[in-house]
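Going by my numbering, 131 is the number at position 116 of the sequence shown; the sequence numbering is gapless. Glycine included, every Cβ here is placed at the ideal spot set by N, Cα and C.
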Amino acid sequence: MRNYTRFSCFFGLLIFFGGISSTPVFAQAADHIPGEILIQIKPGTSAYDLARRWDGLFPGARIAVKKSVSPPLDIWLIGFRPEVTGEQAFLDFLRRENDILHAQFNHLIADRQTIPDDPEFDLQWQWLNTGATGTADADVDADLAWDLATGGTTTEGQEVVICIIESNGADWDHPDLADNHWVNTHEIPGNGLDDDGNGYVDDYNGWNVPQENDLIPAGGHGTSVSGMAGARGNNQTGISGINWQVKLMQVVRGGLGNATIPNEANVLAAYTYPLVMRQLYNETNGQKGAFVVVTNASWGLDNGQAANAPLWCEMYNELGNAGILSCAATANDETVNVDVQGDLPTACPSDFLIAVTSSDANDERKAAYGLTHIDVAAPGESVRTTNTGGGYGFETGTSFASPLVAGLVALIYATDCPALGAGAISDPATTALLVRDYILNGVDPQPGLAGFIGTGGRVNAFQSLQLALAGCDPCPTPYGVTTAALIDTTATLIWSVAGDISKTDLRWRKLGAPAWQVVSDAQSPFVLSGLEACTDYEVQWKNDCATDWGADFVFKTDGCCEAPADVQITATGNLAVTVEWTPVLAAESYKILFWEAGVMTTLPAGTQTTFQLNDLEACTDYAVAIGTQCAGGQFIAGDPIAFSTPGCGACLDAEYCPAFSANSSNEWIALVQLAGLNNATGSDFGYGDYTGLPVELETYQIYDLHIHPGFSGFGFNEYFKVWIDFDQNGAFDEPAELVFDPGGTTNQPVSGQIVIPPDAQPGLTRMRVIMRFSEPPTPCDEGFNFGEVEDYCVLIVPGTPPDCATPDAPEVSNISYHSAELNWLPTDNALAYQVRISNDGGATWSEFSTPTPNFMPDALADCQTYEVQVQTQCPGTESAWSESTVFTTLCAVPCEEIPANPDTLDVSFAFADIAWHATPNATAYRLRYRPEGQSDWSFLTLSDTLVQIPGLTDCQVYEYGVQALCPGAESDFSATKTFKTDCISGLYPMPEVFFRFALAPNPFGEAFAMDFALREKTTLTIRLFDATGRPVLTQTRTFPAGEFKQALTLPDASPNGLYFLWVETEGGHFVQKIIRLR
């Protein structure tokens, strides 16, 4: 479990923090509570024993312990009678006591707030929750914290920087972010040079890892993350971040929308940029680099295991050693226990990592937990922050809780504490851990968080800043110590002094010497002369406010016999390199130690510091070491540096298009088996590079392929494809280089065969395997959702053409008028078979391909003689044609006569009955019909000369025709005729003879009634149709003028559903709908 209480051990170190300042840091004035003094005692001392002793020294003062104020800091509140001892006299007495580290009055504190003038501040409950949104005070007390610090720089003027690492950048030109955008002022933008020597060219606006430039896209996620950490505050614009004036360094790690594979290598490269910049800042005492104090990662890998990512997790220790804390957002699923299920990076065990979960406006946890791995909660539910395009919005998730904590880290460095800036240079790792403890020990404990996360609380910016100020050393040691112009006999010392220090003394000596040489009131830079070559010296400083000398600074003079440093190997051609190194002062000459295939050769280099290696072998591993020859025959060799020459083949030398999955946590390629390759893998963050596992494949050969999917839970349907770059042009050209496509999706293992064509270019080339959820992949799919990509090297070697036997002549069966069935015996090594057919004695042929030893041509002419031959298709070759088989199709009977006189017998609103005259030789008939004006016909085939067309649309004109079907032949269709179905609504008004007409009930069960009134005597014909247009009942009756109710009962067999009542008079007809429901 991570340690959340480091204060007691820190005060024992006394590297640069002496404890609580004797100056009251929170007091509005000198007012204090009479008769109360705060003391901090040395470890192992009893406050009660001290109080009893003091009470004996001051009779009547009633000196006693009132309470323990801070157990981790050993701070106690002492009560006494001031009229007996005198307040100042007793305070002065306590400050002289050996067991007391610090003593001060218990000052009165006035509540203060700093509210920014940003117009949307009232929407940011995370800074000040009045209860209008959630629970009052369920916030980080930002309004109180801003009364102590609002960000910007340390007291020593160091520009505090947060590094925001995102997949697709941030809209840094946003009105609330532009003023806080970090730029590398030591780099000249766009000149193509590495001006500051940090290893990055033109990194003015930050760094884009996949593109290797400083182009920062305006990613939406990164924009909202940046606003939480450092939107400009109190600028009458939009909202405020937790840190008003911090600088935001943007680093693009790549991923969705950024044309790169979101893999661990890019993660490490992204973290390396702020690491290099902070290391450069430390090494140059702020002359170059950037004072990066924290990174933020609002992304990760669900269920990721720290044991599987040792380099990723170790990166946080490397950052921490340089003085950089890292904040990371955990999974957004509040049911996930990270301690059990894992998560990256929040399961990494580094003490320099702060793992953050999310809380809402009621201080309830809304994301993953873990008592061991999750440190703290921060607001992240419906928080107001910046959006792209200059806008603002509410965002939810740990992605927005984590940058709040990162902003708080940077805010602590901007407090009024010179020791923090000084310590960040002199002891960056210890300072970073101290700041982390200020955050973790400053939380607001919450019942809903206790037992779920390490601190059991939600961050409180005000309390963390109070802890930082309380722990500030008033007399920090000089910092930023370095040497310049270091040679064998002189060295220039450079240092900085924090705070209001008037005088600094220096002392130095040869390491281990008994006597020091003291320099009073030394000024930086200071030159030490008369030194000995290759000798260690130690230096200490003491400010006028300190009683003891500070920690040692040790350096060694030049002049040692040592191997050259900074050895660089640069390719000067495909098979040549130049080796360069920095000169060694003690060197008389140099030698090159050169390894090829494990065999070492020594090459003299004289006094030069460059050496050319020519005529190297292609695709070969080499190593070089530089040795220094010094006086007296001493020879010191450096460590070998390995390099390889190109020429290994397209697989490693060509630049293939990137392909990757944006999410492989739930499904991935679990196993690939091919010709001795048996590679079982995991999710690989969406892309697996297995080009170091080459497999040999011969031309002309067929290889079995097996691919297994892997799933974290449910098995999804996946589409698999495989490509091989046979012509080694650096691209996967379809269709020739698509070697496996099962044609559909599955959640089961897939198998198939890969054929290596005879014209495949020999050498090492690339094979790509892609598994994609639901959809067919393409070889250059970038950032697709769900699945994985794996790349392999395959070595193509020339093979021997296989035996490719000629098939026997095919047998013919099931001969009909227009088709026949062909069969033959299978042959060895057959990939497929080619069939050719001729009906003119072999003058012309029609060819067909079939994968099996059978084929059925189905477009033959009747009464025709055909010749057929078969050929075997083998890998890279084919057989001769087989002997011919001859057959004749059946002869059709005459069928020229067209069915005569087709006509309708009955037409309703939903069907039509059509009849025609029979024709000679017809065994069946085909009717075609369609709505008038449409292009596609519908067909009915029947043996009778009468047909009913069902399912027609009412009030629609239809076209139709009839064709005779004879054995082996068919007639033309008859001339097209038309009919129109009856209209059931909307076209026929109710005849004027009716006053009214209604049906009830509707729906009905067994029967319904017609309720109507007639103006005059009328004969009614009533017909009821079902939904298909079939008549159910018909009645005809004459009614006199008047009102009537006529009941209608349906047969019991009539089903439920829609019916149509047709009412007809001499003056016209109309239709009404009614529903039967029993």
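Here's a check: name, in chain order, each residue in its chain whose Cβ is nearer than 8 Å to the Cβ of Leu501, leaving out the five neighbours to either side. Thr507, Phe570, Thr572, Asp573
Under three-state DSSP, which class holds Gly304? coil
So, using beta-carbon positions, are Arg1091 and Ser1069 closer together than 8 Å? yes
Pair within 8 Å by beta-carbon distance, Val308 and Val424: yes
For Ile771, name the three-state secondary structure that DSSP assigns. coil
Residues that Tyr848 bridges to, as DSSP identifies them: Thr865, Thr887
Between Ala677, Asp70, Val908, Gly245, which lies nearest to Gly167 when the distance is taken from Cα to Cα? Gly245
C-beta contact flag for Gly315 and Asp358 at 8 Å: yes
Write down the C-beta distance between Ala1098 and Glu797 rounded to the nearest angstrom, noting that I regard them as a contact closer than 8 Å. Outside the shown range of the chain, which is 16 to 1093, sits residue 1098, and nothing can be said about it.
In angstroms, rounded to a whole number, what distance separates the CA positions of Pro443 and Glu713? 58 Å
According to DSSP, residues forming a beta bridge with Gly703: Glu805
Please report the straight-line C-alpha distance between Asn213 and Gln119, rounded to a whole angstrom. 47 Å
For Asp719 and Ser766, which I take to be in contact (beta-carbon distance under 8 Å), what is that distance rounded to the nearest angstrom? 7 Å
Nearest candidate by alpha-carbon position, reference Phe1027, set Leu192, Arg1011, Asp1041: Arg1011
Candidates Leu449, Lys518, Ser373: which alpha carbon is nearest Gly472's? Ser373
Taking just the CA atoms, how far does Ile641 sit from Pro619? 10 Å
Note the first and the last residue of the continuous beta strand (DSSP E) segment covering Ala683. Per the sequence shown, residue 683 should be read as Trp rather than Ala. Note, Trp683: beta strand (DSSP E), 682 to 689.
N-terminal and C-terminal residue of the alpha helix (DSSP H) that Cys328 is part of: 325 to 336
Quick check on Asn183: buried or exposed, where buried means 16 or more other Cβ atoms within 10 Å of its Cβ? buried
Who are the Cβ neighbours of Ala321 in its own chain at under 6 Å, not counting the five residues just before and after it? Cys328, Ala362, Cys363
Inter-residue spacing [alpha-carbon to alpha-carbon] between Gly422 and Gly385: 23 Å
CB contact flag (Ile454, Ile369, <8 Å): yes
Per DSSP, what kind of secondary structure is Ser414 in: helix, strand or coil? helix
Reference Asn121, options Val812, Gly438, Glu98, Leu53, closest by Cα: Leu53
Collapsed DSSP secondary structure at Asp459 in the structure displayed: strand
Considering only DSSP beta bridges, list what Met786 is partnered with. Phe735, Glu803
With distances taken from CA atoms, which of Ala62, Cys342, Asp668, Gly1057 is nearest Val84? Ala62
How long is the line joining the alpha carbons of Trp142 and Lys262, rounded to whole angstroms? 20 Å
Tell me which same chain residues have a C-beta within less than 7 Å of the C-beta of Gly405, skipping the five on either side of it? His189, Pro190
Excluding the 5 residues flanking Val1008 on each side, which residues of the same chain have their C-beta closer than 8 Å to its C-beta? Leu1029, Arg1030, Glu1031, Thr1033, Thr1080, Gly1082
Residues of its chain near Gln251, where Cβ-Cβ distance is below 8 Å and the 5 sequence neighbours each way are ignored: Asp132, Asp133, Pro134
Is it the case that the stretch 685 to 701 contacts the stretch 801 to 809, given that we only count it when at least three CB pairs across the two stretches are under 8 Å? yes
Does the pairing of the stretch 848 to 856 with the stretch 902 to 916 give three or more beta-carbon distances under 8 Å? no
8 Å contact criterion, which Thr169 and Tyr428 should meet: CB distance rounded: 6 Å
From Thr993 to Ala1056, what distance separates their C-alpha atoms? 41 Å
Could you please give the first and the last residue of the uninterrupted alpha helix (DSSP H) stretch that includes Met292? 279 to 298
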